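Have a look at the structure below before the remarks.
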Amino acid sequence: MTGAVGRWAAGVFVVGWLIVMAQWTAAVPSPAGGRIAGPAVATTSDLANQIGHRHVGSPGHEATVQYLVGRLHAIAGVEVAVQRAAGTRVPRYGAVIAYRTTTVLARLTGERAESVLVSAHFDSAPESVGAADNAAGVAAALQGLQALASRGRPGRTVVCNFNGGEEAGLVGADAFFQHPWSRSVVTVVNLDAAGAGGRPLLFRIGGDQRALAQAYGGSAVAGRTTVLAQELFATGLIPSDTDYKVYHEEHGLPCLDVAMYRDGYGYHSSGDGMAALAPATIDHLAAAVQALMVRLADAGVPLGGSAGMATFFDVGGRVVAYDRPTAAVLAAVGLLLTGLALWRGQRASGVAWRTLVATTGALALAGCAGLGLAVLLAAGAAWGLGQPNAWFSQPAWGVAAAALATVAGATAVWRRPADGKPLQTWYRMTAAGLVLWCGLLLVGTAAGVGSSYVALIWTLATAAVLAIAPTRWSVVRGLGLLAWLPGAWVTVQLGEMIVAMVVPVAGRLGPAMPADPLLAVLVALPALALLATGLPLLVANGGWPRRSLLLMAAAGLQVASAYQTPYTAERPKRLHVEHRQTGDKAELVVAGEDAVPLPQSLLTPLGLTADAAAGGTWHAPATPLPGQAPWIQVTTGPAGQRRLRIGAGVCADVWLRLPRSAVSGWSVSSSLPAGKSRFVSLHLVDPPPETALTVTVVPGAVADGELIGYQTTAPDGASAALVARLPAWTGPFAYRSIHVPVPLTVPSADHPRLRRGPGGSGVI
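When you line the sequence shown up against the numbering used here, it's residues 6 to 769, in that order.
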């Protein structure tokens, strides 16, 4: 038993060492010579600290325009243009956005007319001053442009779009295509942020993925990349979007989407300030962006065509990229090598084929059991103990609990063979793992799943050892460990990256679903990958773990993780504090962004009561809002039409919501936005003093709409007082909203919200 404990302790140590190494390779390297305050740091501080909030329509937005114009005019050889644009676009959530925005464009003319566009939005979310998102990206692009200009004329023209409307619905990128400089763009680098630390991550590539990934990998400063991040983003698991959608998905331009991704707890909150952003991180981002701009501006660097799916990933900062045909060839090699390995191994060990088939089935069942137990215990902590997301501020607890549960579940089902022969035991278990890895490789490659490269690495390494067919156990142990390490390194590096990216997102997934089962899945899958080839080495010569002890330890660790303090001041619970005015009624509405309810001990003193219809929402009465509200006039027209005139008042963000069942068309677009929502919506971004539109009402429909104006410049007295009483472990964002009814279907003098106007029109 002592030997078994030692082997398992050694296994845990090796995995822990791999995790530490993965974190080390993801961290920003120490600056050479101790320099931690380059020019990009000063620029980021100017935008975040000196100017502050920069959302569309705010004074800081226009101040940033003037700041950037001044900085760009100081760079010799750079043309500068200020674009004040208006337009409409339909994002994926189905509303029509009518916008006004300002972008600052800069162009460094190269030997060729074709241009590389570097885009970084300078506007901030209303909730924050946007140090990481995206003042640091703007600073990096500015430094890169200055460095390029100092090198002389580049091979390709370089255009920078410092756009002022990403957070308002990607309207700044949309506006760029109204400018003539957009016509020569052949490739885009989009800079954004979902976190405030670590090396920048290339997480999406649109266009010729192989060529662009190789161009990214060939730049002087190493970054991170994996096609799995692109595949995860495509699932909608990450509740955010970037200008990549406009550049690539809507306009078809090849695009690299680059962002900081670690430590995303402050994303779109007051936590996104200079205090959370290390100067070395800004310096490294600027160096990486500068190196990438230099690389892409070189006319000799191929950028590929407009399409071409590929597999791409990095190993310790070195990018590997290959196209789909190459992936198919590698999968075929894996299949042939697997066949050879199974044949050679069977001859050396004497294990019958039917025994191998049975062991493979047992391994698949064990994987399901490990995953199932991890999810079951996580769900039990969330719902059974009533402690969802308790690991949010200390994710190591949740990760350890899920990993131990996975091992316990898998080993409870996957029994050690009773023959006691180390070589035969190792062969049977390892060959079963190889069969499953090869199967995953073939299925994934056929389905075009780029992240099948993980299965490829496990397949090739494991098959190579089995094909050697060693007959001495001492040799097997050494070769087996060597075969395990490449797949283990890639798996741990990838798993650590995804967990670091997704855990902060748990704080903004909405109140409907705790993230505990999701974390369990993200941990269980790499844990099972490590077990499939690693477990045979641990147990072939004895040392099978005691299942009862593992199960009790897994359950105990899960319970312990459920009673951690879920939030801290640095990793807070995200709250929206809305002072809402609807007609004559005013109230404070507090809404959480995750599935964790506020404790009653906090709600009672604040006078907040739970909303029975909307989970994670609480209400309290409030005094009426002062100030100028948005207004709307509705007049009747021919053929069921209603003419609407909207005034924004002091609101820079206005939404018109009309019941889908009552509206058949409007003048905003040729058709109503698609979707399953009960409403069709018009989002006015930085609207003019008046906006006019026509709506066609469905005959016989009886339903009214709503106009909502948002004021986010500063909280008023009521919401500010509530925010002041909230504990430090909350991250509140206070704002005001004014809701005005929009009568569409009952335009008469009897309507309680109408009075008669000239010509029989109804006027609010």
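Glycine included, every Cβ here is placed at the ideal spot set by N, Cα and C. Since we're looking at a predicted model, the values are computed, not measured.
* Asked: Between the region 113-129 and the region 191-198, are three or more C-beta pairs nearer than 8 Å?
  -> yes
* With distances taken Cα to Cα, identify the nearest neighbour of P516 among W478, A600, H581, A472. => A600
* **Helix, strand or coil at Q88 according to DSSP, with G and I counted as helix** => strand
* Host alpha helix (DSSP H) of S724 (start-end) -> 722-730
* Asked: So, is T365 buried or exposed, given that buried needs 16 or more other C-beta atoms within 10 angstroms?
  -> buried
* Asked: Which residue comes first and which comes last in the beta strand (DSSP E) that contains P664?
  -> 658-664
* Asked: Where do the N-terminal and C-terminal ends of the beta strand (DSSP E) with A697 fall, by residue?
  -> 695-702
* Asked: Between A140 and A201, is the Cβ-Cβ spacing less than 8 Å?
  -> no
* **Segments of 4+ residues assigned as alpha helix (DSSP H) that fall wholly inside the region 230-265** => 232-239
* **Own chain residues within Cβ distance below 8 Å of S120, not counting five before or after** => R112, R161, T162, V163, V164, W186, S189, V190, V191
* Asked: Any C-beta of chain C sitting closer than 8 Å to the C-beta of N166?
  -> Among the chains of the structure shown, chain C does not appear; only one protein chain is present.
* Give the straight-line distance between the Cα atoms of E254 and G211, rounded to the nearest whole angstrom. => 8 Å
* **Residue burial classification, D262 (beta-carbon count within 10 angstroms, cutoff 16)** => buried
* Please determine, among P34, G621, P519, the residue with the shortest C-alpha to C-alpha distance to Q605. => G621
* To do: Give me the Cβ distance between F317 and V251, rounded to the nearest whole Å; I'm assuming they're in contact under 8 Å.
  => Contact flag wrong, Cβ pair sits at about 22 Å.
* **Contacts around G99, its chain only, beta-carbon distance under 8 Å, and the 5 residues preceding and following it disregarded** => P678, A679, G680, S682, V685, S686
* **Sequence-distant residues of the same chain with beta carbon closer than 8 Å to V25, five excluded per side** => none
* Take W478 and list the residues in its own chain whose beta-carbon comes closer than 6 Å to its own, dropping the five residues that flank it on each side. => P427, L428
* Cα separation between S753 and V101? -> Reliability fails at S753, whose pLDDT of 44 lies under 50, so the model's placement of it is uncertain and no value is given.
* Asked: In the structure shown, what three-state DSSP assignment does T779 receive?
  -> Residue numbering for the chain in the displayed model covers 6 to 769; residue 779 lies beyond these limits and cannot be assessed.
* **Length of the line joining the Cα atoms of W734 and K578** => 6 Å
* **Which of helix, strand or coil DSSP assigns to W22** => helix
* CA-CA distance, G135 and L593? -> 26 Å
* Pick helix, strand or coil for E501, following the three-state DSSP scheme. => helix
* Top-ranked residue by Cα proximity to A410, from D179, L524, R209, L207 -> L524
* Asked: In three-state terms, what does DSSP make of Y458?
  -> helix
* Chain-order list of residues whose beta-carbon lies under 6 Å from that of G765 (same chain, five-residue window excluded) -> With a pLDDT of 29 at G765, under the threshold of 50, the modelled position of that residue is not reliable, and no figure is offered here.
* Sort out for me which residues DSSP pairs W636 with in a bridge. => G652
* Residues near Y772 by beta carbon distance below 7 Å, same chain, minus five either side -> With the chain represented from 6 up to 769, any question about residue 772 goes unanswered, as that position is not in the structure.
* To do: Could you check how far apart the C-beta atoms of L376 and V526 are, in whole angstroms? I think they sit under 8 Å.
  => 7 Å
* Asked: Would you call the region 328-341 and the region 383-390 touching, i.e. three or more CB-CB distances under 8 Å?
  -> no
* What are the complete alpha helix (DSSP H) segments, minimum 4 residues, inside the region 96-175? -> 142-155
* Asked: In whole angstroms, what separates the C-alpha of S2 from that of L731?
  -> Residue 2 lies beyond the residue range present for the chain, which begins at 6 and ends at 769; the question has no answer from this structure.
* Asked: In three-state terms, what does DSSP make of G485?
  -> helix
* Have a look at A408 and Q399 and give me their C-alpha separation to the nearest angstrom. => 15 Å
* Return the residue from the list P307, H584, A285, W348 that minimises the CA-CA distance to Q214. => P307
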